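Colleague:
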Amino acid sequence: MATFNIDSLDVPPKATVALEDRIPLLRPQLERLKADILCLQEINGQHRPGTSQRSLTALDKLLEGTRYQSFARATTLAPDGAGVADVHNLVILSRWPITNFHSVRNTLVAPLSYRAITAVPAEKEARQFAFERPILIAEIEFDAGRTLTVVNVHFRAPLASPIAGQKESAFVWKSVAGWAEGYALAAWKRTAQALEARLAVDDLMDADCDRIIIVAGDFNAEDHETPLKILVGAEEDTGNGLLAARALVILDRSLPLDRRFSALHHGRPQMLDHILVNRPALARFQAINVHNETLGDELVGYGKTRHEAGSFHAPLVAEFDLP
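Oh and the sequence shown: position 213 is 965 in the working numbering, straight run, nothing missing.
Here it is as C-alpha cells:
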C-alpha cells in the first residue's frame, strides 16, 4: 500500500499549473507504486455541471488508463455532506472492495475554543476552531470474510494560523507576538488532530483487537514530534508494558537514515509522511520504500516563484504479505 500527498490536485483557475502539465509527472509516480491500496491527500473538488455539488474530476483525469482507474474509492465529504469539499479531500483507492468508510472530524475531539491575545481589535470572547480536514477510515475486504482497516490522515501544517489584525499579507506578520500566537494555535490544532486519530484507533482496537490497522498520510510532523508520539502511544511514554499491543509502529524507521525523508525544506530533509501499523499488521510487513529521487526543495521552489508541476512530497510505499 502507498500514501502520496499530490499537492492541491486541481484545474485552473484555482490551479496555477494546468492539469495536462502535471499528469506527465504525477501519473508515472502513481504507476511506479504498483499499489493495491493507495491513500491520497490534497485532492481538490471541481464543480459538477448542473449541480451545486463538486466531484473529483481532476483525479478522474489523472487516473485514466492507470491501474487505479477501476479501483474502489472512499472519499471525505464537504462539511454539509453534499459531495466532496472544494479543497484538500482525502481519498483511499483499493483494488479490493471497500465495504464501509466514514470520516472523523471533531467527532471525538471538540473544536478548540480560544480567545486570541494579540488580536486587533481585541477579541471579547473565545472563538471555535474546527479542524480544517477530516480523517478518513475505510474497511477493505482483501479476502472472503477478511478485512483490514485503513486510516488516511492529513494533519494541520506547521504554518501560523491567522490572528485578526496581525498580518500584512499572506506570509508577512506585523509582530513577533502575533506570529507566535498563530504558530501556537496551529500546533494546538495539529496536536488535537493527532489525539482524535489516536482515539479513533483505540475505538477500532476496542471493537476488534486482532484487526489489521494501517494509518497512513501526511502527518506534517517527524517521528520525534508530539503528533506522532500521541498517535503511536509507545510503552516508554505510557509507562505500562501491558499497553504495548495498543501502540502503533512507524514503519519508515526501517529506512536508512540517508533515505528517510519525504520532503525538503530549505535544504533540510524531513520525514513528514508516514505509514504506521498495529501489531497484527506488523506481522505481515515485508518492506518499505520512499520515492524521493526527484524531490524538489519546497522553500526554494516558492522563493523562485516557479510553478511546480509535480509534488513537494514523495510517495511512500509498503509491502505486506496477506495470504
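We put the CB at the ideal spot given by N, CA and C, even for glycine. If you're wondering where the values come from, they're calculated on a predicted model, not measured in any experiment.
(1) Exposed or buried, what is Gly817 when buried is set at 16 or more other beta-carbons lying within 10 Å of its beta-carbon?
(2) Measure how close the beta-carbons of Phe883 and Asn858 come, nearest whole angstrom, since I'm counting them as under 8 Å.
(3) When the Cα atoms are used, what is the spatial distance from Pro776 to Leu815?
(4) For Thr943, which residues of its own chain have a beta-carbon under 8 Å away from its beta-carbon, when the five flanking residues on both sides are left out?
(5) Alpha carbon to alpha carbon, what distance is there between Thr768 and Thr1057?
(6) With a cut-off of 8 Å on the beta carbons, I'd call Gly835 and Ser855 a contact; round off their distance for me.
(7) What do you get for Phe923, buried or exposed, if any count of 16 or more other CB atoms within 10 angstroms of its CB means buried?
(8) Give the secondary structure of Thr1057 by DSSP, where H, G and I count as helix, E and B as strand, and everything else as coil.
(9) Contact between the region 861-881 and the region 838-847: three or more CB pairs below 8 Å?
(10) In angstroms, rounded to a whole number, what distance separates the CA positions of Leu761 and Glu877?
(11) Just to confirm my understanding: we take Asp989, look at its own chain, exclude 5 residues before and 5 after, and list those with CB closer than 8 Å. What are they?
(12) Tell me whether Ala936 sits in a helix, a strand or coil according to DSSP, three-state version.
(13) To the nearest angstrom, report how far apart Ile795 and Leu947 are at their CA atoms.
(14) Straight-line CA distance for Phe823 to Ala932?
(15) Beta-carbon within less than 7 Å of Ala1061's beta-carbon, same chain only, minus the 5 sequence neighbours each way: which residues are those?
(16) Report the option in Pro910, Asp960, Ala837, His799 whose CA atom is closest to the CA atom of Pro886.
(17) Is DSSP giving Ser804 helix, strand or coil here?
(18) Looking only at its own chain, which residues have a Cβ that is under 6 Å from the Cβ of Leu951, when we skip the five neighbours before and after it?
(19) Would you call the region 1020-1033 and the region 989-1005 touching, i.e. three or more CB-CB distances under 8 Å?
(20) How long is the line joining the alpha carbons of Leu956 and Pro1032, rounded to whole angstroms?
(21) Here's a check: name, in chain order, each residue in its chain whose Cβ is nearer than 7 Å to the Cβ of Val905, leaving out the five neighbours to either side.
(22) Tell me, please, which residues DSSP counts as bridged to Arg825.
(23) Considering Cα atoms alone, identify which of Thr827, Pro863, His1043, Phe894 is closest to Pro780.
(24) For the beta strand (DSSP E) holding Arg1020, just list the boundary residues, first then last.
(25) Beta strand (DSSP E) containing Glu891: first to last residue?
(26) May I ask which residues mark the beginning and end of the alpha helix (DSSP H) holding Ala793?
(27) Taking all protein chains shown into account, decide if Cys961 is buried (16 or more other Cβ within 10 angstroms of its Cβ) or exposed.
(28) Roughly how many angstroms lie between the CA atoms of Arg1036 and Phe1072, to the nearest whole one?
Modeller: A quick look at the data gives this:
(1) So Gly817 ends up on the exposed side.
(2) Yes, Phe883 and Asn858 are in contact; Cβ-Cβ is about 6 Å, under 8 Å.
(3) Across the structure, Pro776 and Leu815 are spaced so that their CA atoms are roughly 11 Å apart.
(4) Cβ neighbours of Thr943 beyond the five flanking positions: Thr978, Pro979, Ile982.
(5) Confidence is the limiting factor: at Thr1057 the pLDDT is only 48, short of 50, which leaves the residue's position unreliable, though a coordinate-based value still follows. Cα to Cα, the separation comes out at about 11 Å.
(6) The Cβ separation is near 13 Å, so there is no contact.
(7) Using a 10 angstroms sphere on the CB of Phe923, the tally of other CB atoms stays under 16, which defines it as exposed.
(8) Its pLDDT being 48, under 50, Thr1057 is placed unreliably by the model, and nothing is read from it.
(9) Result no; under three Cβ-Cβ pairs closer than 8 Å.
(10) Put simply, the backbone Cα of Leu761 is about 37 Å away from that of Glu877.
(11) Hits under 8 Å: Lys981.
(12) Residue state, collapsed to three classes: helix.
(13) Distance between the alpha carbons of Ile795 and Leu947 is about 24 Å.
(14) Approximately 44 Å between the Cα atoms of the pair.
(15) The beta carbon of Ala1061 lies closer than 7 Å to those of Val769, Asp773, Arg774, Leu777 in the same chain, with the five residues before and after it left out.
(16) Nearest C-alpha to Pro886: Ala837.
(17) Assigned with DSSP and collapsed to three states, Ser804 falls in coil, not helix or strand.
(18) By the criterion of a C-beta distance shorter than 6 Å, Leu951 is surrounded in its chain by Leu860, once the five residues flanking it on both sides are discounted.
(19) Enough Cβ pairs lie closer than 8 Å, so yes.
(20) Going from the Cα of Leu956 to the Cα of Pro1032 covers about 13 Å.
(21) Ile887, Ala949, Val967, Gly969, Phe971, listed in sequence order.
(22) BP columns for Arg825 point to Leu845.
(23) Distance from the Cα of Pro780 is smallest, within the candidate group Thr827, Pro863, His1043, Phe894, for His1043.
(24) That run of the beta strand (DSSP E) goes 1020-1022.
(25) Where Glu891 is concerned, the enclosing beta strand (DSSP E) starts and stops at 887-895.
(26) The question names Ala, but residue 793 is Gln in the sequence shown. Not the alpha helix (DSSP H): Gln793 falls in the beta strand (DSSP E), residues 789-795.
(27) Exposed is the call here.
(28) Computed Cα separation, rounded: 5 Å.
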